[in-house]
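Numbering (the UniProt record's numbering), first residue to last: 1 to 736. The beta-carbon is built from N, C-alpha and C at its ideal position, and this holds for glycine as well.
Encoded structure:
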């Protein structure tokens, strides 16, 4: 599966016709949202797939981990029962009683944040030493060897009885000389168990690199408890301290992240680590502590993330250090849940908040099954047998939209403010309004050069500009993957002279440097000389003797031990058109191959970048099975995946299906030619969305179906009306 383990795709928005101010039977609502809800879990816990909930589904283990994903570990643990190291659940874990609220009494002193039991405290009550921030700082990045032998960190403090010599060296890549700012401790204030991209990317990186693929991520929110799992900002990596090989890996990873006062932890935005009865925190990075919480963490390694780390903004992923800290989502009312995360917040959470509105009902969390939920469902417009009292994803989708429409905090929780609003508004009795159409916009110019320039115009000044030929697809394919992975635009040029549209955009962009992708047969030396007048930085050419060598040279820029490489035929473009956006999303390169043999240039590149796995784009008629197997054997984990459909539209849709539901934006271009798609792929990679394909005058069924599943916040069409007609734009607006 691509990526390796994706438990609960992030749900940013769900189109759901809740009654505002009136509704028909909820069965209409079920029809409207079923495709989204089947495709996207709102939490990683059992029983989150549909209403009603089976109460038996709520009887999972007390620590909230997903046994299905960890089951292969079976009974290998020498001591203790798998993931039963837990806090005590209340009688109803989804109803917040007065004793569970943060404002119910004085804050009890604890030695460390992760030992805190109960709802998180007001920021004013948090010990000052937990709120220490450290600014970005200039350093000489340490090598893996220096990190593993540093005089600070887990191994430096405790040593190890495990044989760490057999553990692979840590992942590495070229990193900037400025180290990310270090965040303070960031408590979990929201109930938003949707996996965040930075957490998922880190989990995939280390689990693949160390060949320990079992981990759990977000969790169903429970009353009287707080955990970064409840905001999709933490994962638990199955690692048995009583197994020598596991202990060696766990000890090594703990050292790698915490060495040199958390140098690598800051690169990823790691906020805390718990392993084998010890804990480490970014706010106090110089030493590990004896963990005082209820679980010894001898059967897993717990890693939580800051909001910058969780949202994949740190220098490991972007190449740009975090200098202004994201403090995440904050409470609106004292002792209540915060709204779900929507955007960066650069100021700390406020203190001394107002008390919430009065409510005769308690705060109720998703997955509850009780009469309080029945009351809420009636206010949401459910009728008849649909008022079943189960707070599953259909009820949650209706609640989120209700909260947004009535301007109460969008918490996804039946909290005081929501109850007060429901009692004020009353139970509706009219049919709901039709759900709004998905916003669709077009980015287009008079030609391929102008369209690429308009896409580039959406980037801020000072980026690196990638310039490649507009006359053939192979160089542009590889360039768009690299540009998208590094958050930079792609511009096009013919061989002998820069077009005016490219010149105009370069003047606006003021690129910090320019990378020319392709040899002199594609882009002449005179064009390279012209480009030097548009940047104060360097103009470098990346090229090879042929298309395979050029793609290989560009792939090497990703460094060694890349998480994944995408390989497409170098003969035709259709299968590869969606691949460069997906490669950029996963921070991997695109390489090219022949149908019946792997070029030596591609073999050499694979050996240099040492990918963990390979994704082959297209069926056997594009890349034969023997070639695919040879590519598999060139990966570290011998892991091969082939993604293809019956045509170019289905192949792009298959790739898009791996993205989470509710993403911000999807890009669509013509499947008849490559320039618009490849220029758009760089932008799609930057915004972490897919590139889909369409016919000029009709939307393919595969494209329509995946858009209905993805439910994007917006759709951007790349190309003019001759490429994608207005009729197709209208059809796109009816999806999602």
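Distance CB(residue i)-CB(residue j) smaller than 8 Å
{"i": "residue 653", "j": "residue 692", "result": "yes"}
{"i": "residue 208", "j": "residue 563", "result": "yes"}
{"i": "residue 331", "j": "residue 189", "result": "yes"}
{"i": "residue 364", "j": "residue 391", "result": "yes"}
{"i": "residue 655", "j": "residue 665", "result": "no"}
{"i": "residue 466", "j": "residue 501", "result": "no"}
{"i": "residue 457", "j": "residue 468", "result": "no"}
{"i": "residue 354", "j": "residue 333", "result": "yes"}
{"i": "residue 356", "j": "residue 416", "result": "yes"}
{"i": "residue 192", "j": "residue 215", "result": "no"}
{"i": "residue 718", "j": "residue 443", "result": "yes"}
{"i": "residue 131", "j": "residue 272", "result": "no"}
{"i": "residue 741", "j": "residue 474", "result": "Absent from the model: residue 741. The displayed extent of the chain is 1 to 736, so no value can be given."}
{"i": "residue 340", "j": "residue 410", "result": "yes"}
{"i": "residue 672", "j": "residue 636", "result": "no"}
{"i": "residue 324", "j": "residue 712", "result": "no"}
{"i": "residue 223", "j": "residue 93", "result": "yes"}
{"i": "residue 153", "j": "residue 304", "result": "no"}
{"i": "residue 710", "j": "residue 661", "result": "yes"}
Range of the contiguous alpha helix (DSSP H) that encloses residue i
{"i": "residue 591", "result": "Premise fails: residue 591 lies in the beta strand (DSSP E), 590-593, not in any alpha helix (DSSP H)."}
{"i": "residue 425", "result": "416-425"}
{"i": "residue 550", "result": "547-555"}
{"i": "residue 131", "result": "Taken as a continuous stretch (DSSP letters only), residue 131 belongs to no alpha helix (DSSP H), as it is neither H nor E."}
Opening and closing residue of the beta strand (DSSP E) in which residue i lies
{"i": "residue 235", "result": "234-238"}
{"i": "residue 285", "result": "284-290"}
{"i": "residue 692", "result": "691-694"}
{"i": "residue 281", "result": "278-281"}
{"i": "residue 468", "result": "464-469"}
{"i": "residue 305", "result": "300-305"}
{"i": "residue 317", "result": "Per DSSP, residue 317 belongs to no beta strand (DSSP E); it is in the alpha helix (DSSP H), 315-318."}
{"i": "residue 513", "result": "513-517"}
Beta-carbon separation (whole angstroms), residue i vs residue j, contact threshold 8 Å
{"i": "residue 487", "j": "residue 318", "result": "6 Å"}
{"i": "residue 484", "j": "residue 568", "result": "So it is not a contact: roughly 15 Å between Cβ atoms."}
{"i": "residue 377", "j": "residue 351", "result": "That belief does not hold up - the Cβ atoms of residue 377 and residue 351 are roughly 35 Å apart, past 8 Å."}
{"i": "residue 186", "j": "residue 328", "result": "6 Å"}
{"i": "residue 302", "j": "residue 276", "result": "About 11 Å; that fails the 8 Å criterion."}
{"i": "residue 490", "j": "residue 682", "result": "4 Å"}
{"i": "residue 519", "j": "residue 675", "result": "No, residue 519 and residue 675 are not in contact; Cβ-Cβ is about 19 Å, not under 8 Å."}
{"i": "residue 389", "j": "residue 367", "result": "With 8 Å as the limit, residue 389 and residue 367 do not qualify as a contact, their Cβ atoms being about 12 Å apart."}
{"i": "residue 219", "j": "residue 310", "result": "That belief does not hold up - the Cβ atoms of residue 219 and residue 310 are roughly 15 Å apart, past 8 Å."}
{"i": "residue 649", "j": "residue 703", "result": "6 Å"}
Cα-Cα separation, residue i to residue j
{"i": "residue 573", "j": "residue 127", "result": "58 Å"}
{"i": "residue 246", "j": "residue 632", "result": "26 Å"}
{"i": "residue 559", "j": "residue 404", "result": "44 Å"}
{"i": "residue 507", "j": "residue 534", "result": "6 Å"}
{"i": "residue 619", "j": "residue 641", "result": "11 Å"}
{"i": "residue 375", "j": "residue 221", "result": "21 Å"}
{"i": "residue 695", "j": "residue 667", "result": "14 Å"}
{"i": "residue 755", "j": "residue 379", "result": "Here the chain has residues from 1 to 736 only, and residue 755 is not among them."}
{"i": "residue 670", "j": "residue 179", "result": "42 Å"}
{"i": "residue 167", "j": "residue 256", "result": "12 Å"}
{"i": "residue 120", "j": "residue 226", "result": "6 Å"}
{"i": "residue 588", "j": "residue 566", "result": "7 Å"}
{"i": "residue 241", "j": "residue 250", "result": "8 Å"}
{"i": "residue 606", "j": "residue 570", "result": "16 Å"}
{"i": "residue 555", "j": "residue 601", "result": "11 Å"}
{"i": "residue 165", "j": "residue 252", "result": "10 Å"}
{"i": "residue 210", "j": "residue 174", "result": "20 Å"}
{"i": "residue 745", "j": "residue 136", "result": "No answer is possible for residue 745: it lies beyond the span of the chain, which begins at 1 and ends at 736."}
{"i": "residue 707", "j": "residue 278", "result": "45 Å"}
Chain-order list of residues whose beta-carbon lies under 6 Å from that of residue i (same chain, five-residue window excluded)
{"i": "residue 732", "result": "440 and 715"}
{"i": "residue 262", "result": "282 and 285"}
{"i": "residue 163", "result": "248"}
{"i": "residue 427", "result": "378 and 379"}
{"i": "residue 728", "result": "694 and 699"}
Neighbourhood of residue i by C-beta, 8 Å cutoff - its chain only, sequence neighbours within 5 removed
{"i": "residue 624", "result": "595 and 596"}
{"i": "residue 493", "result": "449, 467, 468, 469, 470, 499, 502, 523 and 527"}
Nonlocal neighbours in the same chain, by C-beta distance under 7 Å from residue i, ignoring five residues either side
{"i": "residue 202", "result": "268"}
{"i": "residue 557", "result": "482"}
{"i": "residue 541", "result": "516 and 528"}
{"i": "residue 344", "result": "326"}
beta-carbon residue i near the ligand GTP non-hydrogen atom, thresh 7 Å
{"i": "residue 153", "result": "As presented, the structure is devoid of all ligands, the ligand GTP included, so that no description of it is given."}
Cutoff 8 Å: residue i Cβ touching any chain D Cβ
{"i": "residue 388", "result": "Among the chains in the structure shown there is no chain D, since it carries only a single protein chain."}
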